[in-house]
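The numbering of the sequence shown is this note's numbering, which starts it at 18 and goes up by one. For every residue, glycine included, the Cβ atom is placed at its ideal position computed from N, Cα and C.
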Amino acid sequence: MQKKLVVVYTRVSSSSQNLREQRDAAKKVLKARGINEDEVLFLEDFNVSATKNDANNRPAYKKLLKLIKEGRVALVIIYARDRVQRDFYEASEFNEVVNFYGVEVIYTATNEIPFIKNSSIENFYGIFSQQEGKNIGRRTSDATKRYPGKIIGFERIEELLENGSTKVRFSLDNNRSIIIRSLFKEFSQVQTKEEFVSVLTKYGKELNGHRKVMKILQRPFYAGYCLTDYGYDELHHVDEIISLEMFEEVQAILNKFIKEYNETVIRARDKMILNPICGVCNKNMVFKKVLDKPSYFVCSFRHKKVVVELDEFNRIIEETILKETEQFVLKEYESIFKMHLRGVIDNLTYQKQHKEQLLNKSMLLLASNFHTMYEKLKMEIQRTNTEIDEINHEITSVQSLKNELKTISQIVQPSLDNLTKSELEVLIELLIKNVKVHQDYFEIDLYSLIKEKGVV
């Protein structure tokens, strides 16, 4: 029985494009499967647009379908769905053919959904294969990983081949490549945050800043590889600056510091009481955390930079809210309570005077009508005297309460000093509407604690 074929199908729409990233991605799968390239049939549609040519006018694709229908194909490797199908109908035809003849299909592009034998679902994906913008973006990303236009440390050399395609290779730029090799070697020995910052600062001066250094350290291209969904893919057209082993050592160190940094950012965000507003443009300020430096808020939206450190911001907010709360309690409430108590005393005094008038009237009546109303007036006088005594007692109590207000500061101050972090945050949330940060001062907008002075 004849052994079935493994087929790699590739296609590009114009002569200005090349097939190498599609072939390289396929070769990665072949290597992972242990399949010898000499045993593989490569079918290529070069300079063949699917939008201008249906399936019958794409020679390599037509041959692929013919081989499948003859039952001669076991596995077909394709970069992405849009290489073999450009609409729902072509997708439906392709899916039915490969499923009917039991052909395994592998898509190799980054983020491409694996082939599913369920025709309905695959046909659904076929509907979206016409979204060329997304696909071009994905292919561009893959191509950039393998064949960047320009990359520090290398010279890009292009060679025009007889078939019209271009062969590209990357040779070492002896000046920058030596610096980059030294960077990786030195960074592979970093153990502390201080050493981390020192290396970034040192090489940032020679390699266009510390951000560029970070990108270099995270790019496997310098080891002659690119990272795909299948792992590391060797780039034979690239002269390596470092070994893959050293690159992975550096990644382990980087990941440790990145994890620590992320944890630090989370802790710093936990310290955020609220997000300030820029006093210049009225936009929310952006929270920033730089390694080994204090967290801060910043805004520079079309104006001079406004910046404040997180700890300083929190300190000012906390001090302000405690001060305002204390002043409110000691001044506002004290005056309100005193005003209220003064009104209570005035009311009780009026009631007492009224009762005393009734008492005097009753005593006069008793003196002039002793023989007829004695018992009744006697009881009324006793009752009025009792009421006057009760009013005097209430006045004394209210006077005592009024005097006790003088000790309120002795109660309030320790309570404010002993607020827990969560209690203070609740207080800030309740009382502060927003905070605007200007170049040299804060503008803190408080919710009104009372609408008007008086009893509420």
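Just to confirm, is the Cβ distance from residue i to residue j under 8 angstroms?
{"i": "residue 230", "j": "residue 220", "result": "yes"}
{"i": "residue 242", "j": "residue 261", "result": "yes"}
{"i": "residue 91", "j": "residue 98", "result": "no"}
{"i": "residue 315", "j": "residue 297", "result": "no"}
{"i": "residue 401", "j": "residue 379", "result": "yes"}
{"i": "residue 442", "j": "residue 290", "result": "yes"}
{"i": "residue 27", "j": "residue 96", "result": "yes"}
{"i": "residue 295", "j": "residue 452", "result": "no"}
{"i": "residue 60", "j": "residue 24", "result": "yes"}
{"i": "residue 213", "j": "residue 239", "result": "no"}
{"i": "residue 161", "j": "residue 43", "result": "no"}
{"i": "residue 415", "j": "residue 362", "result": "yes"}
{"i": "residue 321", "j": "residue 313", "result": "no"}
{"i": "residue 408", "j": "residue 368", "result": "yes"}
{"i": "residue 412", "j": "residue 376", "result": "no"}
{"i": "residue 167", "j": "residue 176", "result": "no"}
{"i": "residue 205", "j": "residue 275", "result": "no"}
{"i": "residue 193", "j": "residue 170", "result": "yes"}
{"i": "residue 448", "j": "residue 436", "result": "no"}
{"i": "residue 65", "j": "residue 81", "result": "no"}
{"i": "residue 111", "j": "residue 123", "result": "no"}
{"i": "residue 76", "j": "residue 55", "result": "no"}
{"i": "residue 338", "j": "residue 372", "result": "no"}
{"i": "residue 250", "j": "residue 41", "result": "yes"}
{"i": "residue 252", "j": "residue 332", "result": "no"}
{"i": "residue 292", "j": "residue 301", "result": "yes"}
{"i": "residue 174", "j": "residue 200", "result": "no"}
{"i": "residue 245", "j": "residue 45", "result": "yes"}
How is the alpha helix (DSSP H) around residue i delimited, first residue to last?
{"i": "residue 86", "result": "76-86"}
{"i": "residue 44", "result": "37-50"}
Which class does residue i belong to by DSSP, given the choice of helix, strand or coil?
{"i": "residue 95", "result": "strand"}
{"i": "residue 461", "result": "strand"}
{"i": "residue 248", "result": "strand"}
{"i": "residue 64", "result": "coil"}
{"i": "residue 114", "result": "helix"}
{"i": "residue 150", "result": "Bear in mind that the predicted position of residue 150 carries a pLDDT of just 39, short of 50, making it too unreliable to give a figure here."}
{"i": "residue 437", "result": "coil"}
{"i": "residue 178", "result": "coil"}
{"i": "residue 173", "result": "strand"}
{"i": "residue 121", "result": "strand"}
{"i": "residue 163", "result": "helix"}
{"i": "residue 452", "result": "strand"}
{"i": "residue 90", "result": "strand"}
{"i": "residue 294", "result": "strand"}
{"i": "residue 330", "result": "helix"}
For the beta strand (DSSP E) that residue i lies in, which residues bound it at each end?
{"i": "residue 186", "result": "183-189"}
{"i": "residue 324", "result": "323-326"}
{"i": "residue 313", "result": "313-316"}
{"i": "residue 100", "result": "Where residue 100 is concerned, there is no enclosing beta strand (DSSP E), given that its DSSP letter is neither H nor E."}
{"i": "residue 29", "result": "It is not in any beta strand (DSSP E) - residue 29 carries neither H nor E in the DSSP assignment."}
{"i": "residue 304", "result": "303-305"}
What are the complete alpha helix (DSSP H) segments, minimum 4 residues, inside the stretch 192-273? 210-221, 227-234
Are three or more beta carbon pairs between the stretch 28-37 and the stretch 82-91 nearer than 8 angstroms? Fewer than three pairs of CB atoms, one per stretch, sit closer than 8 angstroms, so the stretch 28-37 makes no contact with the stretch 82-91.
Within the chosen definition, does the stretch 256-275 reach the stretch 177-193 through at least 3 CB pairs nearer than 8 angstroms? yes
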